[in-house]
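Reviewing the structure listed below.
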Amino acid sequence: MSDEEYVHVPSTVGESASEEDEVDLSRTLEEEMAELEHMLTEPMVFVKQNEDVDEGVVMEEEDEDDGIKLIGQEKWIFEHERNMLQQEKKMLAHSQQILAQEQKMFEQESKMIKQERWINEKRKKLFEDEENILDLEEKISEEEKRITDKQNAMDERVGKLERRLTELEGQLSRLKRTRREIKEKNKLTITNLPIEIQTQILSHLPWQYHFYCFEVFPMWKQMKVLTDLRSHRYFTSEKNYCPRMHRLGADGGWMLAINDGKMESVTYIVELIKSLNEDGYDEDDEKYAPVDLLQSHILEDPLFSHTPHDSESDVKEVDKVTFKIGMSESGYEQHFMKKDENGNDVLTEDDLTFTFTFAEHPELQKMQVVEFLHWTAKWIGELTQLKDYKKITMELLNYDWCEMGFMVLLHDLRK
């Protein structure tokens, strides 16, 4: 049988093929083979979405017109959970796109299997009288079973994806409902009172508690509520000293960790009971609360207030800042010893005292508290007596706040 006779097979040959194949048998084998070859060589085209398209995810805008906003931890928790849900929704939308692409490839693969079955039926009809005819029936059946299993697996994936999307929609709805409930509850909080009333309420707190106010309600700093109370955070005296030093360091002092001349951490020790001015407490029962200053907005306060406490009285000007190396259990003050005229090691008050006048260091008058702490760490790290030590742990106490005097206690020195 010639090739020409093989190609021009009458359409009646395939009439007995199953109608379930849905293959048009009126076309010639040549046409079917050409289409099959085109399918095999045609590249898959993935259309890139515009950048402004959010992968099919449309989130409703939050209604912020009621004037009530979440604050502090509540706001962080809500935004974090909402962002997580939205991100998962985007990922699921992306998975839907991938499934759609896989479905398209699967449909082409299914069509190819149908083409193979049709070709096999044609071959058997044409060569039914000849021996050793290649019969692909078993292979095609296996492929059809594989396609069926693959379709079932894909249907399961699609169903699972749709169920998860439904769950996400429910979670987002519950989240928005919870947010509305919290906002309604927040209408009763202090932050919804007029600013003047908030300031008046906070003015009755010991100044140390401003630490926690800054952290619990950051919006107070933005609304400058605590800025209005800044004057409470500076020393006052009968002699009317000016400028006035910030109260930080007046209780338990600062604990500084310095590494290679740079400040690693600053902890402030708040004496809670003392700050509450409670009567009849035992000093042995005093409670202390360390506060990580590097995380506190209170460090943005100026180091000095240049406004006298009593503007109508005579002002005693302060023109310097003094540091004094104190005696510690570790005896690190011995590093500051000098030789006297007889060659003996001596340790005098002058050897332990370092004075910085405003005339020589005008920058001190304009520093924030945090800038002063960095400046102190740099100065300590550059001291000749401590040049051999890279890591320094020290305590900084305000021992004479009227004369701007600080006590330096060295706790640990490491090379």
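Under the working numbering, think of the first position of the sequence shown as 1100, with each following residue one higher. Just so it is clear, CB atoms sit at the ideal spot from N, CA and C, and this is done for glycine as well. If you're wondering where the values come from, they're calculated on a predicted model, not measured in any experiment.
Reduced DSSP category for residue i - H, G, I as helix; E, B as strand; rest coil
i	result
L1451	helix
E1416	strand
D1151	Only weak support is given to the placement of D1151: the predicted model assigns it a pLDDT of 42, under 50, and the question is left unresolved by the model.
H1473	helix
E1163	At E1163, the pLDDT of 45 sits below 50, so the modelled position is not reliable and the matter cannot be decided from this model.
H1531	Lying before the first or after the last residue shown, residue 1531 is absent from the chain, which here runs from 1100 to 1514.
T1456	strand
G1504	strand
E1268	helix
S1194	helix
K1238	helix
M1183	helix
E1363	strand
K1490	strand
K1423	strand
H1107	Note that H1107 scores a pLDDT of 37, beneath 50, so its modelled location is shaky and nothing firm can be said.
K1338	coil
P1305	coil
P1293	coil
G1258	helix
D1248	helix
D1327	helix
CB of residue i within 8 Å of CB of residue j, strictly
i	j	result
L1495	G1352	yes
L1451	F1471	no
L1347	Y1431	no
D1359	K1489	yes
I1289	I1281	no
H1309	I1197	no
K1249	F1205	yes
R1181	L1304	no
G1480	I1294	no
Nearest neighbour of residue i, chosen from the options [CA to CA]
i	options	result
H1193	E1363, E1261 and E1206	E1261
E1459	D1418, E1215 and K1188	D1418
S1336	K1244, S1412 and I1491	S1412
S1209	H1179, R1181, K1244 and K1224	K1244
D1254	V1468, E1178, E1201 and S1429	E1201
M1354	L1191, K1438 and A1476	A1476
E1241	R1216, K1224 and R1256	R1216
T1447	T1456, F1457, N1441 and Q1433	Q1433
K1415	I1479, M1503, I1296 and R1276	M1503
K1223	E1236, K1213, I1212 and Q1214	E1236
T1483	K1437, R1343 and G1425	K1437
V1420	E1428, P1461 and N1441	P1461
R1278	N1443, I1294, T1454 and H1179	H1179
I1296	M1190, Y1311, F1313 and W1319	W1319
F1453	W1478, M1466 and S1429	W1478
S1410	S1302, C1341, R1332 and G1442	C1341
V1469	D1449, K1361 and D1511	K1361
I1239	K1203, I1212 and N1251	I1212
S1302	F1313, L1512, R1276 and H1331	H1331
R1343	K1203, M1466, L1191 and Q1214	M1466
S1427	R1329, M1493, D1444 and V1257	M1493
Bridge-paired residues (DSSP) for residue i
i	result
D1439	D1439 pairs with nothing; no bridge assigned.
Q1467	P1401
D1444	K1438
R1343	S1404
K1544	Because the chain spans 1100 through 1514 in this model, residue 1544 falls outside it and cannot be assessed.
L1496	M1506
Y1333	H1345
W1353	Y1367 and L1495
N1358	K1361 and K1490
Whole-Å CB distance - residue i paired with residue j, under 8 Å assumed
i	j	result
Q1464	F1403	6 Å
K1188	L1267	5 Å
D1400	H1345	6 Å
L1184	L1271	5 Å
T1423	V1507	Sequence check: residue 1423 is Lys here, not Thr. Between V1507 and K1423 the Cβ distance is about 7 Å, and since that is below 8 Å, they are a contact.
H1408	N1339	6 Å
Residue-level contact to chain B via CB, residue i, 8 Å cutoff
i	result
A1199	Protein chains in the displayed structure number just one, and chain B is not present.
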